[in-house]
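Participant: Have a look at this one before I ask anything.
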Amino acid sequence: MGQPMIHGATDEIGFHAMENCDYETEIHATNMHQLGLDTRRLEIPGRKRLEIDHGPPIFDIIA
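Taking this note's numbering, the leading residue of the sequence shown gets 77, the next gets one more, and so forth.
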C-alpha cells in the first residue's frame with residue numbers, strides 16, 4: 077500500500093473548502109474514469125441520456 081495523502085484543506089471549523097475545491101461532478105467523473113466508463117456514452121435504448129453535469133476526473137487523487 078502507498079502512503080496516505082491529503083487532497084485539499086478546509087477552514088478551521090471544517091465548513092468551507094480552502095484548497096483544491098472539487099465538485100461532486102468531478103468526484104463522480106473520477107469514479108467513472110476508474111471504472112473505465114464514459115458517462116457521455118451511457119444510455120439505455122428508448123430512454124433519454126443521463127442528465128449529468130460532466131466534470132473532469134481528479135487525476136491528483138489517482139495513484
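Even glycine gets a Cβ: it sits at the ideal position worked out from N, Cα and C.
In the DSSP assignment, find the unbroken beta strand (DSSP E) run with Met-94 in it and report its ends.
Facilitator: For the purposes of this step, residue 94 is identified with residue 18 of the sequence shown, where counting begins at 1. Segment 93 to 95, the beta strand (DSSP E) holding Met-94.
Participant: Tell me, which residues are paired with Thr-86 by DSSP?
Facilitator: Here the question's residue 86 lines up with position 10 in the sequence shown. DSSP, once it has assigned bridges, lists Ala-93 as partnering Thr-86.
Participant: Output needed for Ala-93: all residues of its chain with C-beta closer than 7 Å, excluding positions within five of it in sequence on either side, in chain order.
Facilitator: Taking the sequence shown and counting its residues from 1, the one referred to as residue 93 is at position 17. So the list reads Gly-84 and Thr-86, once near-sequence residues are dropped.
Participant: So Arg-116 packs on His-130, CB below 8 Å; how close in whole Å?
Facilitator: Along the sequence shown, one-based indexing puts residue 116 at 40. Along the sequence shown, one-based indexing puts residue 130 at 54. Contact between Arg-116 and His-130 holds: their C-beta atoms lie close to 6 Å from each other, under 8 Å.
Participant: Flag Gly-122 as yes if its beta-carbon sits less than 8 Å from any beta-carbon of chain D, otherwise no.
Facilitator: Among the protein chains of the structure shown there is no chain D, as only one such chain exists.
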